[in-house]
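*Asks:* Protein chains in written order, with our numbering: chain A, 1 to 247; chain B, 1001 to 1208.
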Amino acid sequence: MTDEHEHIVDDLAAYVLESLEGFARARVAAHVATCAACARRLEEYRAVVGALPMGLTPVAPPPAAWVAIRAGARERRPRASRWAWPASLPEWLRVARWPAVAALVALLVVWNVTLQRELTRRAPGPAPGPEVEALSRRPGRIVILQGTGTQGASGRIFVAVDGGGHLAVSGLASLPRDRTYQLWFVRTGSPAVSGATFGVDASGRAWAKVTVPATLDDVRAIAVTEEPAPGSAAPTGTHLLDALPWR
Amino acid sequence: MGNFLRRRRRSPSGTGPEEPADPELLRGMRLGDESALEALYARYGGLVYSLALRIVGDPELAREVLQDTFLRSWSGREAYDPERGRVPWWLMGIARNRAIDLLRSRSHQARLREQEPLTVDTRARESDPHRDPADAVGLRRAVTNALQGLSTVQREAIELAYYGGLTQAEVAERLRQPLGTIKSRTREAMDRLRELLGPFMEPQGEAW
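1. Check whether the Cβ of Q1168 of chain B lies closer than 9 Å to any Cβ atom in chain A.
2. Taking any Cβ of chain A, which residues in the region 1136-1161 of chain B have a Cβ under 7 Å from it, in chain order?
3. Below 7 Å on C-beta distance, what does A997 of chain B contact in chain A?
4. On a Cα-Cα basis, can you pick out the residue from B:G1198, B:L1197, B:A1042, B:T1167 that is closest to T1186 of chain B?
5. Counting along the chain, where does the beta strand (DSSP E) carrying T197 of chain A start and finish?
6. At the 9 Å Cβ level, is V1056 of chain B part of the contact set with chain A, yes or no?
7. When the Cα atoms are used, what is the spatial distance from L1197 of chain B to W1089 of chain B?
8. Flag P235 of chain A as yes if its beta-carbon sits less than 9 Å from any beta-carbon of chain B, otherwise no.
9. Starting from T180 of chain A and walking both ways along the alpha helix (DSSP H), at which residues does that stretch end?
10. What whole-angstrom Cβ distance do L183 of chain A and V224 of chain A have, given they're in contact under 8 Å?
11. Just curious, the beta strand (DSSP E) that L167 of chain A is in, first and last residue?
12. How would you write the range of the alpha helix (DSSP H) that R254 of chain A sits in, first residue to last?
13. P63 of chain A: beta carbon under 8 Å from a heavy atom of the ligand NAP?
14. Runs of 4 residues minimum, wholly inside the region 8-88 of chain A: which ones carry the alpha helix (DSSP H) assignment?
15. With a cut-off of 8 Å, do at least 3 Cβ pairs link the region 39-58 of chain A to the region 1047-1056 of chain B?
16. Nearest to G237 of chain A by alpha carbon, out of A:F23, A:A14, A:D11?
17. Under 6 Å Cβ to Cβ from P130 of chain A, same chain only, skipping five residues before and after it: list those, please.
18. Between the Cα of V147 of chain A and the Cα atoms of A:V193, A:L172, A:I157, which residue gives the shortest distance?
19. Spell out the partners DSSP gives D242 of chain A in its beta bridges.
20. Excluding the five sequence neighbours on either side, which residues of its own chain have a C-beta within less than 7 Å of the C-beta of L1026 of chain B, listed in chain order?
21. In this structure, does DSSP put P228 of chain A in helix, strand or coil?
22. Residues of chain B with CB under 7 Å from P191 of chain A, in chain order?
23. Between B:E1064, B:G1045, B:G1085, which has its C-alpha nearest R1098 of chain B's C-alpha?
24. L1066 of chain B and A1095 of chain B - do their beta-carbons sit closer together than 9 Å?
25. Cβ of D242 of chain A within 9 Å of Cβ of L167 of chain A?
26. On the three-pair Cβ rule with 8 Å, is the region 6-19 of chain A touching the region 1155-1172 of chain B?
27. Compute the Euclidean distance between the alpha carbons of M1001 of chain B and N1145 of chain B, then round it to the nearest angstrom.
28. Answer with yes or no whether the minimum CB distance from F198 of chain A to chain B is below 9 Å.
29. Skipping 5 residues on each side, what residues in its chain have a beta carbon closer than 6 Å to that of E1024 of chain B?
30. Apply the 10 Å Cβ neighbour rule to W1074 of chain B and answer buried if 16 or more other Cβ atoms are within range, or exposed otherwise.
31. Considering only C-alpha positions, which residue in the set A:R27, A:V49, A:I69, A:V48 is nearest to G1045 of chain B?
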């Protein structure tokens, strides 16, 4: 075992407790990605940390908490339910749904190419909030993300008419289990809003659902950063991908 | 401990045989089934609230964390990945991150003051109308025993990092010990817990 390995082993417990910062944290993350023994130890420590709160005695929450949760849940139905096919859908529509999906995808590809050309002609520089609104809220619109912090990476955000969105990404590096990529809507004068957390497959690709903010008036940028899993409350990593209009 | 583990496997998530397992509840929630959310809340609401209360030390803030945790799990803002552990770990992870974010948003001095409730015994506040099956009690006892199996300084290092959200440097400053000492204590504590909780540490399992 090398000195480097011994140093990392000393830091693994603190790393799992999210009690390491800066260089020490990055060093552990980099080492674990290439050391099977440390990756195994990390999983064991993660299981211990997962078990820790199970030792607490449950405390009955105030009844108002469930009332608030139920009310909040009714306001924001899970994204998946919006996309579910209604049980009462006529049979001919059920048969036609997949060709319709294929046609929609083809349409999005055409929009994508058109938008690429449109954005390529644009002069670089910051764009105002309404520009984001225009790009993001138009039916079936696609917002393009390009690798500012990772060369060769790119992404597309597909925003549907009802505000639901999907993100397609390629060219990002695989992350250890305790790290995640996070999509942000960066706002002026208020904290950034998380749109999604996601990992990439072995080929560096991902497809994730995106929670698009109700209003994009004050959004000045859209970016992807690397964060500690399961995601951060505010972006802490450097921008790996940025929306092209804001470069 | 072995018998306990086998019993838990027959009855995932501490529920009876007729009750859906946690992953089934999450599937229901993804489809917008409010009763699935209610069942998950009944199962883990008390534990999430207890964790939040332990971290933030304030019932109002703890309630905020509790609500936010379940609404995030409902809306899909926090996606569950079975590869990263069991459903309650995921829920507790959301709650802990949210609680520590709240804690870190305050001034350092106020934060230190709020860490005092770390030693408060929550049993006095327990009324526990939520289901608390025998399996959950057994697991709680196992974790409590494991924590008691640590030396005082080891337990302190773990609790300040986990419940206090302190970095290793902050723990060292707080305890007036060299950083290297704190890192060693944390590692020793984690190794000891790993040893004591060994039979429960199956990330992919259905032990609870």
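Virtual Cβ for every residue (Gly too), placed ideally from N, Cα, C.
Quantities reported herein were computed from a predicted structural model and do not represent experimental measurements.
*Replies:* Working from what's here:
1. Judged by the 9 Å Cβ criterion, Q1168 of chain B is in contact with chain A.
2. L1139, R1140, V1143, T1144, L1147, A1161
3. Any question about residue 997 of chain B goes unanswered here, given that chain B covers just 1001 to 1208.
4. Nearest C-alpha to T1186 of chain B: B:T1167.
5. 193-198
6. For V1056 of chain B, the answer is no, since every Cβ of chain A falls outside 9 Å of its Cβ.
7. Roughly 15 Å between the two C-alpha positions.
8. It does not; no Cβ of chain B falls within 9 Å.
9. Bounds of any alpha helix (DSSP H) do not take in T180 of chain A; it lies within the beta strand (DSSP E) bounded by 179-187.
10. 5 Å
11. 165-170
12. Residue 254 of chain A lies beyond the stretch modelled for chain A, which goes from 1 to 247, so this question has no answer here.
13. In terms of ligand content, the structure shown is empty, and the ligand NAP therefore cannot be addressed.
14. Complete alpha helix (DSSP H) runs here, min 4: 22-32, 36-51, 63-75, 79-83.
15. yes
16. A:F23
17. Caution is warranted here: a pLDDT of 48 is assigned to P130 of chain A, below 50, making its placement in the model unreliable, and the coordinate value is therefore given only provisionally. None.
18. Looking at the sequence shown, residue 147 of chain A is not Val but Gly. The shortest C-alpha separation from G147 of chain A is found at A:L172.
19. A:Q146, A:A223
20. Y1080, V1087
21. strand
22. Going along chain B, no residue has its Cβ under 7 Å from P191 of chain A, so there is no contact; the nearest lies around 10 Å.
23. Here the closest residue by C-alpha is B:E1064.
24. yes
25. no
26. By the Cβ rule, the region 6-19 of chain A counts as touching the region 1155-1172 of chain B, because three or more pairs are nearer than 8 Å.
27. At M1001 of chain B, the pLDDT of 31 sits below 50, so the modelled position is not reliable; the number obtained from the coordinates is stated separately. When rounded, the distance between both Cα atoms is 12 Å.
28. yes
29. Same-chain partners within the cutoff: there are none.
30. buried
31. A:I69
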